[in-house]
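**Q** Position 35 of the sequence shown, counting from 1, maps to 137 under our numbering, and the rest follow consecutively.
One structure is given below, represented as C-alpha cells, and several questions about it will come after.
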Amino acid sequence: MFLPQLLNTTLVNTMIKRLFSQSQPLRQGVNNHSPNNMEKRFLVWSGKYKNIEEVPNFVSPEVMERCRNKVRIRLANIMMLLTVIGCGVMVYSGKEAAKRGETVTKQNLDWHKNLCDGMEF
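Right, here's the structure in full:
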C-alpha cells in the first residue's frame, strides 16, 4: 500500500524519467537531421563546409541550429547596414530637394490646388 503512493509522487516520477532517458551527451553525436538545399547553402555560407557537395546527407541538429543562428545574425546585420544606407540616401535626397526649393508643404498645396481645379462645383 505504501509503495504505490510512493511511485505516484512527482519526485519519484522525475527521477525515473531521468534514469531511463538518454543523457544529453549521448544525443549530441547523433546525425539525424537531413538538410534540404537551402539549409545546405546555409551550412556553406556559415563556413561549416567549403561547398554544397561536401555537405553530408545527415548532420546533427546542434550543428544545424548553430548554422541557422549564424545565418540569422548575418542577415540581421545586412538588413541593419541596408537600413543605414537607405537613411543616408534619403537624407541626401532631402537636402538636394531643399536646395531646389521643393518642400513637402509646397507639394501638398500644389496637389490640393490641382485637386480643386479638377473638381467642378
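Even glycine gets a Cβ: it sits at the ideal position worked out from N, Cα and C.
(1) Which residues in the same chain as Tyr151 place their Cβ atom closer than 7 Å to its Cβ, once the five residues preceding and following it in sequence are excluded?
(2) Give the C-beta separation of Phe160 and Asn138 to the nearest angstrom, bearing in mind that I take them to be a contact with Cβ-Cβ under 8 Å.
(3) Going by the CB atoms, is the gap between Glu141 and Met166 shorter than 8 Å?
(4) So what does DSSP say about Arg129, is it helix, strand or coil?
(5) Span of the alpha helix (DSSP H) holding Thr207?
(6) Let me know the secondary structure DSSP gives Val157 once reduced to three states.
(7) For the alpha helix (DSSP H) that Ser195 lies in, which residues bound it at each end?
(8) Distance check for Asp219 and Val173, CA to CA, integer angstroms please.
(9) On the DSSP letters alone, give me the boundaries of the alpha helix (DSSP H) that Asn139 sits inside.
(10) Going by other Cβ atoms of all chains shown within 10 Å of its Cβ, with 16 needed for buried, is Cys169 buried or exposed?
**A** So, from the listed chains and residues:
(1) Its chain contains Leu145 and Val157 as the residues whose beta carbon lies nearer than 7 Å to that of Tyr151, once the 5 sequence neighbours on both sides are disregarded; these appear in chain order.
(2) 12 Å between Cβ atoms; not a contact.
(3) Yes; because the gap between Cβ atoms is below 8 Å, this pair is in contact.
(4) For Arg129, the predicted model reports a pLDDT of 49, less than 50, meaning its position is unreliable and no value from the coordinates is stated.
(5) Per DSSP, Thr207 belongs to the alpha helix (DSSP H) from Val206 to Gly220.
(6) In the structure shown, Val157 sits in coil (DSSP, three-state: anything other than H, G, I, E or B).
(7) Pro163 to Arg202 is the span of the alpha helix (DSSP H), which, as asked, contains Ser195.
(8) Cα to Cα, Val173 sits roughly 55 Å from Asp219.
(9) Asn139 to Trp147 is the span of the alpha helix (DSSP H), which, as asked, contains Asn139.
(10) Residue burial is scored here from C-beta neighbours: Cys169 has at least 16 other C-beta atoms within 10 angstroms and is therefore classed as buried.
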